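Have a look at the structure below, then the notes.
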Amino acid sequence: MASSLLLQLCIIFVVFGLAFAQLSENYYAKSCPQAKCIIKDEVRKTIKKEPGMGGSLLHLHFHDCGVGGCDGSILLDDTPKTPGEKSSLINVNSTWGYEVIDRIKARLEKTCPGVVSCADILAAAARDSVVTLGGPTWALPLGRRDSTEPHRMLTDTLGSLFNANLQALVMAFKQQGYTMEEFVALTGSHTIGRARCLTFRKHIYDDKNINPAFAKAMQAHCPKVGNDSERIPIDSTTPYVFDNAYFKNLLQQKGLLAIDQELYTGKGGITDAIVANYSSNQDIFFKQYVTAITKFGQTGVLTGNKGEVRTNSRASTTAESSAAAGTSAPIVERAETIAPGVEGSEDEDERLLNNSVARARADIKDLQTNADIVRQDLEKNLFRLMDQGAELLRKYEVEEIPSLESRTRELKSEKHKMAKDFRQKSFTAEKKSLKEKTDLRNEIQRLYDQLKAQQEESSNTQAELEKAQQLLTDQVEAWASDEKDVHPREASQAEVDFLARQVEVEAREEEEAERTEKEAAQKLEFEKALVHLASSSTSSISSGQDCPL
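In structure tokens form, the structure reads like this:
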């Protein structure tokens, strides 16, 4: 399947939009009940002989719907006056399977002459190809009619729009009611497609978003020069099985076409998540594909008395002259039958008939002129709309997308800067709080050590006081025993020492009183520090910090 598939779909929406018609699954139930079986049988036999033809038939259906709608116009051959779509730049050497449609049409004409349209054959053959190769089936509404002429001029003109990128494609699909999941699912058709070297050579030689080993393998088939028409399976894993391997390959950067690999960048692209989902869940891919292909197969169809049902898929059944003349052609034929080549007859009846023929010819000429004018106006309006669509796409790519990307980069930069500033401020505040707690802890430890030393000193002083008290008691008892001695005597050395010590004790008591007063003051300071510490710890807990003293 050529790389133009996604771009082709985008063009459909830009130029035509979607025109869903009232089709029916049972459209041929009475007029040609064997139709579905004949198409399915021929498709299966063809794919059995040539598996790659399944992707070609699906691709042919996409290209038919791509210009003018699903009307079988792509099947019309070139004529001397009207070139067909087959030889246009976007279709030549890019679409295959016409002979398969010819065989199906021939069998149907033998069974149900002039009943089944070529447009319906293309749609049914695409569905049966997917099913035959292991893909999902879907209810196929029928009743499309065939166009009477190709859309060659439009096909050639649309080639100028083949430069849309992924974002433009997604936008075009979204505007026509497709979800992004349906858009990505439609690209899954490439799982049974093939592409020419010409369409992916630049990708495998110049692009960076491709698996090097895969690129080297593809280069072996497609040299830098030559082999332009060599067809390579897009899905290198299971090329003839309709499955989700195509999406698995994209995750490994093994997308053969550049537009395919754009679907998965691995860097949070707009369709990355969808591709990843389809690669891991084939059922979800199948479900979305059925919804999308059913919708797509009803694009711009002809129904009712519009168009025709061809008996030959390659040529219009309606004569070109009849189509140009409209309903007035039978008048000319009737007049010419009655009076062929009559001019200047003197017979009154013949003159009247001759005048009628002349007037009929003049009316027909006027009708043809008016039809040409209307056709030219329509073509001008169509080309004007096409130019506007192309300009919108170019403007979006050149102005909107770069602006969005630039703004996205700015927002990311601001986000990173804010996160960095927040982390820095948080770290600084935490560091400051930790230092304050450490200083407070050291101060408390210092006060505690000082108080402990003072308590030890106070304990030593108490022992000395007790010793002095005992000495005083002994002295008093000695004095009591000496009261019986009426004669005065001199103080003993022990008494002198005792009095000296008593004086010393009194001095120490004064010092002890001063020390006790000082200790009380220090104890008060210590208690204040403890209160401050408790308050700090409570604040830390309430603020969610967990930093030990």
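If you count by mature numbering (1 follows the signal peptide of the UniProt record, and there is no 0), then the sequence shown holds residues -21 to -1, 1 to 528, one letter each, in order.
Beta carbons are placed, not taken as given, at the ideal position from N, Cα and C, and that holds for glycine.
Please read all numbers here as calculations on a predicted model, not as lab measurements.
- Beta-bridge annotation (DSSP): Ile211 is paired with Ala174.
- The alpha-carbon separation between Glu491 and Lys410 amounts to approximately 44 angstroms.
- The three-state secondary structure of Asn228, taken from DSSP, is helix.
- As the crow flies, the alpha-carbon of Thr116 is around 11 angstroms from that of Thr270.
- The Cβ atoms of Asp207 and Cys176 sit closer than 8 angstroms to each other.
- Residue pairing for Leu281: DSSP places it in a beta bridge opposite Arg124.
- With contacts defined as CB atoms closer than 8 angstroms, His182 and Ile189 qualify as a contacting pair.
- Segment contact: the region 147 to 158 against the region 185 to 205, fewer than three CB-CB distances shorter than 8 angstroms; contact not assigned.
- Ser259 counts as exposed, since fewer than 16 other beta carbons sit within 10 angstroms of its beta carbon.
- If you draw a 10 Å sphere on the C-beta of Gly167, you find 16 or more other C-beta atoms in it, and that means buried.
- DSSP places Glu393 within a helical segment (H, G or I) once states are collapsed to three.
- In the DSSP assignment, Gly33 falls within the unbroken alpha helix (DSSP H) covering Met32 to Gly45.
- The count of Cβ pairs closer than 8 angstroms, one atom from the region 108 to 126 and one from the region 47 to 62, reaches three, so the stretches are in contact.
- Excluding five sequence positions before and after Phe477, the CB atoms of its chain that fall closer than 8 angstroms to its own CB belong to Leu450, Leu451 and Gln454, given in chain order.
- Under the 10 Å beta carbon count, Met397 is surrounded by fewer than 16 other beta carbons and is classified as exposed.
- Remark: C-beta atoms of Leu87 and Val95 approach each other more closely than 8 angstroms.
- Secondary structure of Ser3 (DSSP, three-state): strand.
- Contact annotation: Ser67 and Arg23 have beta-carbon atoms that are not nearer than 8 angstroms.
- The count of Cβ pairs closer than 8 angstroms, one atom from the region 220 to 234 and one from the region 248 to 264, reaches three, so the stretches are in contact.
- Distance from Gln1 to Thr282 at the Cβ level is roughly 7 angstroms; contact confirmed, criterion being Cβ atoms closer than 8 angstroms.
- If you compare the alpha carbons of Ala442, Ala486 and Phe505 with that of Gln429, the shortest gap goes to Phe505.
- Note on the region 226 to 273: whole alpha helix (DSSP H) runs with a minimum of 4 residues are 237 to 240 and 251 to 259, in chain order.
- Check the Cα spacing between Ala151 and each of Ala199, Gly368, Gln433 and Leu242: the tightest is with Gly368.
- For the 8 angstroms CB-CB criterion, Gly34 and Arg173 form a contact.
- In the three-state reduction of the DSSP assignment, Asn439 falls in the helix class.
- Taking a C-beta distance under 8 angstroms as the contact criterion, Met197 and Leu229 do not qualify as a contact pair.
- Per DSSP, the continuous alpha helix (DSSP H) segment holding Arg106 begins and ends at Cys97 to Thr111.
- For Leu165, the enclosing alpha helix (DSSP H) begins and ends at Met159 to Thr166.
- The C-beta distance from Leu364 to Ala147 rounds to 17 angstroms, too long to fall under 8 angstroms, and the pair is not in contact.
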